[in-house]
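A.B. asks:
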Amino acid sequence: MTRKTTDSRCEEGSSRTDFVGMLRGVGLLLAGCAAAVLLFSVADCSATDAGEPSIASTAEVLEENASEKSVEYASFEEVAAAFDVSALNLEYSKRDMDASFDESSATKITLSGDSASVSGSGAVAEGSTVTISTAGTYIVSGNLTDGSITVTTSENDKVQIALNGVKIACSSGPAIDIQSADKCFITLAEGTQNSLSDGSAFTSEDANACIYATCDLTINGLGSLDVSGNYRHGVFSKDDLVVYGGSINVSAVEDGLNGKDSVKIGAGDISIDSGADGVKSSKSTNPEKGFVYVSGGSLSIDAEDDGVQAKTYLCIAGGSIEIDAADDALRSDLEGALNGGSTTVRSGDDAFHCETKLEVNDGSFVVETCSEGYEAEQVVVNGGDTNICALDDAMNASAADLSDDSESSDADTSTIAPSGEPGANAAQPDGSIGAPGASSANADSNEQQQNTAPQGAGQQDSATSPELPSDDGAQGGQAGETPSDLGQAPDVQGRMERGGQAPGGQGGAPGVSDSNCLIQINGGTVVLDSQGDGVDSNGNVEINGGTLLVNGPSSDGDGAFDYDGEATISGGTVLMAGAVGMAQSFTSGTQAFALVQASGLAGSVIEATDADGNVIATLTATRAFGCVLVSGADVSDGDTITVSVDGAATMATAATTGTSGIATGGMGGGPAKGNRPEGQGGPA
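First residue of the sequence shown? That's 31 in the numbering used here, and the numbers climb one at a time after it.
#1: For Tyr168 and Val189, what's the separation of their Cα atoms in angstroms?
#2: Taking the Cβ atom as the reference point for each residue, do Ser661 and Gly589 lie within a distance shorter than 9 Å?
#3: Please report the straight-line C-alpha distance between Gly177 and Ser171, rounded to a whole angstrom.
#4: When you compare each of Met606, Ala104, Asp379, Val610 to Gly587 by their alpha carbons, which one comes out closest?
#5: Tell me, please, which residues DSSP counts as bridged to Leu174.
#6: Report all residues from its chain with a CB closer than 7 Å to the CB of Val230; omit the five preceding and five following residues, and keep chain order.
#7: On a Cα-Cα basis, can you pick out the residue from Tyr404, Asp422, Lys341 that is closest to Leu432?
#8: Would you check if the distance between the CB atom of Ile551 and the CB atom of Gly576 is smaller than 9 Å?
#9: Kindly indicate which three-state DSSP category Phe106 falls into: helix, strand or coil?
#10: Can you tell me where the beta strand (DSSP E) holding Arg262 begins and where it ends?
#11: If we ignore side chains and look at the alpha-carbon of each, how far apart do Lys290 and Arg125 end up?
#12: Smallest Cα separation from Ser142: which of Gly150, Glu596, Asn173?
#13: Taking DSSP as the reference, what is the three-state secondary structure of Lys124?
#14: What number of angstroms, rounded off, separates the C-alpha of Thr183 from the C-alpha of Ala211?
#15: Evaluate the contact criterion for the stretch 616 to 632 versus the stretch 661 to 675: three or more CB pairs, one atom per stretch, below 8 Å.
#16: Excluding sequence positions up to five away, which residues of its chain have a Cβ less than 7 Å from the Cβ of Thr140?
#17: Output yes or no for whether 9 Å exceeds the beta carbon distance between Gly370 and Asn391.
#18: Closest by CA to Ser629, which one among Gly677, Gly337, Asp640?
#19: Restricting to Cα atoms, I'd like to know which of Phe113, Ser163, Met127, Ala129 is closest to Thr137.
#20: Do Val265 and Asn288 have their beta-carbon atoms positioned less than 9 Å apart in this structure?
#21: If the criterion is Cβ atoms closer than 9 Å, does the pair Gly349 and Ser377 meet it?
#22: Determine the direct distance from the alpha carbon of Phe106 to that of Ser311, and round the result to whole angstroms.
#23: Using a Cβ-Cβ cut-off of 6 Å (strictly less than) and excluding sequence neighbours within five positions of Phe215, which residues of its own chain qualify?
#24: Drop a sphere of 10 angstroms on the beta-carbon of Gly643, count the other beta-carbons inside from all chains shown, and report buried for 16 or more, exposed for fewer.
#25: Given this structure, state the Cα-to-Cα distance separating Leu558 from Leu578, to the nearest angstrom.
#26: For Phe131, tell me which candidate among Asp144, Ser158, Leu218, Cys200 has the shortest Cα-Cα distance.
#27: Would you list, in sequence order, the uninterrupted beta strand (DSSP E) runs of no fewer than 3 residues that lie entirely inside the stretch 351 to 433?
#28: Quick check on Val665: does DSSP put it in helix, strand or coil?
#29: Taking the DSSP output, what are the residues bridged to Phe15?
#30: Take Ala685 as the anchor and find which of Asp640, Gly656, Thr648, Ala651 has the nearest alpha-carbon.
#31: Look at the alpha carbon of Val272 and the alpha carbon of Ser362, and state the distance between them as a whole number of angstroms.
#32: Can you tell me where the beta strand (DSSP E) holding Val273 begins and where it ends?
#33: Between the Cα of Gly275 and the Cα atoms of Ala282, Ser281, Gly296, which residue gives the shortest distance?
#34: Where does Val148 sit, in a helix, a strand or coil, going by DSSP?
#35: From the DSSP output, in three-state form, read off Val115 for me.
#36: By Cβ distance, which residues of its chain are closer than 6 Å to Ser14, with the 5 residues on each side in sequence left out?
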């Protein structure tokens, strides 16, 4: 599988209308009413004996009341205005989590080549087709060379199909075809191996997957299941899809797992190889649907399009996840969150893209290669460990696009992305970059240089950066000397030259700012390595806590720090190294900072200390740099900050207002290195 390595989208700033803001208020009112209904329902159920199996869990109450409070909207902007993450059903029902079944009372279905037999009630076998028409539990075993299991019960019935050593192939339709039911559970019996496959052409125009369901579908159990979707998708539900157990391998021409209303993964060992998206939910007309939630288990995805795609909300709350995607690794057309788990991604485009808001609260997120890392209108980091290696911007805030013709639609369609060479920038076992045996030295350009993720996410000692691979071929020169192409004034004032095709082109002309765009870091550890901008906001930046370490670009067309509005700092630890040409400092802050001219090469060790000699932060450079931006919790206005590069020290005076130039030594600001509009906090 091949991977693309550039981001072809141009997402210039656009603002949302007052009408959408009004609708958001209406949405909050509706959500409040729904919450009241839910509380009443739960309270009503609590009077029953909690030990009886008929007691509904919170998830089941939400599920039963969904039709009463569900509202459909005509446009996705209306959905966005009404969206409230607290209204989503992110829980699992008791039956989702319970993979047991009563063998003595269940109906037995035995498959035998081109025929089948039934022992018990509720199902009939006609040739190679078994039809289940009544609620109940059905235990299936044996092989079917060309046939299917079809479910046609009442829309109020629940059906459990226990696969007990099954192999089903169907050349003309789904291997399991759930045409009508309230909910179907496919349980993988412990210790069994099961496989399902479909053909490349279906006789039915409705079905589209090897396992197809028009109702809610849950896969659970302790056995194994191989699914081959040769027609389109591997597993598809028109409603909610839940996976809670089993060892599941899915290969599909298009999507691996697709739940139109939602996908929830709470347990299991899941591997997906897909020709389109790995996991997808596409409902675009309901603010309580169209989400993907992963809270546990192990998930490995190799996708020719997005790894995981959600229309409204994508949340990683737990589990171990590995994604190799030709397009975005994680994508939501509205909001997203990282709340836990361990995630490693390689993507041809963005690592985690959300249109409106991306919130990082906990967990480990490692990006071995991507075009851009975190991207949303608002990127808020409250905790966790982030390591991003980007060929373009590592962290980007750009205006949201909520138009109905955005990439993910409610229609059941998939577009297979162009492919490129997989893992072209992945780290090799010997620490080199690119294909095994390739030289570690490479040209320092946005088109040619290969990256690898900073190692040791979450393992830093205080504010010490992990060891990073060197790039000895970048820029040339000796350590401590400014490379010849650094520190030159741009051809046009400020960032006007950014209007072309250079990486990091999300920025605009000087003074162009979208107040909706924000990058805010309140906690956690963020380690960025970018060939474009390190931190890039089309609006504002706020640093209130945490640790931010940035290896920015060597090219003067980009910077380690880039914003169009204001950049303030009131806490945390910051150390950014990058080129001089587009360098920016903070505009103001209650915590002092300094932008210092201190240069070095890839492999140089940068150490910043405060006036008392205490280490603020250290960073090992991955490419040549010409200036360093630093701030620490114990740094006050007027304090001296010392930046040492391989032992060669440069001192500067910290301030709580934007600098007028880059300090070249001693205690003051140095000569201007280019023109920038007032208030940008960079070189005058």
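For every residue, glycine included, the Cβ atom is placed at its ideal position computed from N, Cα and C.
Predicted, not measured: the structure shown is a model, and the values here were computed from it.
C.D. replies: Looking at the atomic coordinates:
#1: Counting from one through the sequence shown, the residue named residue 168 turns up at place 138. Counting from one through the sequence shown, the residue named residue 189 turns up at place 159. So the alpha carbons of these two residues sit roughly 8 Å apart.
#2: Indexing the sequence shown from 1 puts residue 661 at position 631. Indexing the sequence shown from 1 puts residue 589 at position 559. No, they are not a contact pair.
#3: By one-based count along the sequence shown, residue 177 stands at place 147. By one-based count along the sequence shown, residue 171 stands at place 141. Distance between the alpha carbons of Gly177 and Ser171 is about 14 Å.
#4: Counted from its first residue, the sequence shown places residue 587 at position 557. That would be Val610, whose Cα lies nearest to the Cα of Gly587.
#5: Taking the first residue of the sequence shown as position 1, residue 174 is located at position 144. According to DSSP, which records beta bridges pairwise, Leu174 is partnered with Gly143, Ile198.
#6: Residue numbering aside, residue 230 sits at position 200 when the sequence shown is read from its first letter. Going by the sequence as given, residue 230 is Ser instead of Val. Asn260, Tyr261, listed in sequence order.
#7: The count along the sequence shown starts at 1 and reaches residue 432 at position 402. When each option's Cα is compared against that of Leu432, the closest is Lys341.
#8: Counted from its first residue, the sequence shown places residue 551 at position 521. Counted from its first residue, the sequence shown places residue 576 at position 546. The answer is yes: Cβ separation under 9 Å.
#9: In the sequence shown, the residue the question calls residue 106 occupies position 76. In this structure, Phe106 counts as helix in the three-state DSSP scheme.
#10: One-based indexing of the sequence shown puts residue 262 at position 232. Careful: Arg262 lies outside any beta strand (DSSP E) and carries neither H nor E.
#11: Numbered from its first residue, the sequence shown carries residue 290 at position 260. Numbered from its first residue, the sequence shown carries residue 125 at position 95. When rounded, the distance between both Cα atoms is 21 Å.
#12: Counting from 1 along the sequence shown, the entry for residue 142 is found at position 112. It is Asn173 whose Cα lies nearest to the Cα of Ser142.
#13: The residue labelled residue 124 in the question sits at position 94 within the sequence shown. DSSP places Lys124 in helix when its eight states are reduced to three.
#14: To locate residue 183, count along the sequence shown from 1; it is residue 153. To locate residue 211, count along the sequence shown from 1; it is residue 181. In a straight line, the C-alpha of Thr183 is about 5 Å away from that of Ala211.
#15: yes
#16: On the sequence shown, position 110 is the one that residue 140 refers to. Same-chain partners within the cutoff: Ala146, Ser147, Ser171, Gly172.
#17: For the purposes of this step, residue 370 is identified with residue 340 of the sequence shown, where counting begins at 1. For the purposes of this step, residue 391 is identified with residue 361 of the sequence shown, where counting begins at 1. For Gly370 and Asn391, yes; Cβs fall inside 9 Å.
#18: The residue labelled residue 629 in the question sits at position 599 within the sequence shown. Ranking Gly677, Gly337, Asp640 by Cα distance to Ser629 puts Gly677 first.
#19: Here residue 137 is taken as the residue at index 107 of the sequence shown, counted from 1. Among Phe113, Ser163, Met127, Ala129, the Cα nearest to that of Thr137 belongs to Ser163.
#20: As a first step, residue 288 is located in the sequence shown; it is residue number 258 there, counting from the start. As a first step, residue 265 is located in the sequence shown; it is residue number 235 there, counting from the start. Result yes, Cβ atoms of Asn288 and Val265 sit closer than 9 Å.
#21: Residue numbering aside, residue 349 sits at position 319 when the sequence shown is read from its first letter. Residue numbering aside, residue 377 sits at position 347 when the sequence shown is read from its first letter. Contact flag unset, no.
#22: Residue numbering aside, residue 311 sits at position 281 when the sequence shown is read from its first letter. Residue numbering aside, residue 106 sits at position 76 when the sequence shown is read from its first letter. Approximately 15 Å between the Cα atoms of the pair.
#23: The sequence position of residue 215 within the sequence shown is 185, counting from 1. Once the five neighbours on either side are set aside, the close Cβ partners of Phe215 are Gln190, Thr248.
#24: Residue 643 sits at position 613 when you count from the first residue of the sequence shown. By the neighbour-count rule (16 or more Cβ atoms within 10 Å), Gly643 is not buried but exposed.
#25: Taking the first residue of the sequence shown as 1, we reach residue 558 at position 528. Taking the first residue of the sequence shown as 1, we reach residue 578 at position 548. One C-alpha to the other measures close to 8 Å.
#26: In the sequence shown, counting from the first residue as 1, residue 131 sits at position 101. Residue Leu218 is the option with its Cα nearest to Phe131.
#27: 360 to 362, 365 to 377, 380 to 384, 387 to 399, 402 to 406, 408 to 411, 415 to 420, 425 to 427
#28: As a first step, residue 665 is located in the sequence shown; it is residue number 635 there, counting from the start. Note: Val665 maps to coil in three-state DSSP.
#29: No answer is possible for residue 15: it lies beyond the span of the chain, which begins at 31 and ends at 714.
#30: To locate residue 685, count along the sequence shown from 1; it is residue 655. Residue Asp640 is the option with its Cα nearest to Ala685.
#31: Translated into the one-based positions of the sequence shown, residue 272 becomes position 242. Translated into the one-based positions of the sequence shown, residue 362 becomes position 332. Their backbone Cα atoms lie some 19 Å apart in a straight line.
#32: Taking the sequence shown and counting its residues from 1, one reaches residue 273 at position 243. Residues 270 to 282.
#33: Here residue 275 corresponds to residue number 245 of the sequence shown, with the count starting at 1. Of the listed residues, the one whose Cα sits closest to Gly275 is Gly296.
#34: Here residue 148 refers to the residue found at position 118 when the sequence shown is read from its first residue. In the structure shown, Val148 sits in a strand (DSSP, three-state: E or B).
#35: Stepping through the sequence shown from its first residue, residue 115 is reached at position 85. Helix.
#36: As shown, the chain starts at 31 and ends at 714. That puts residue 14 outside it, with no answer to give.
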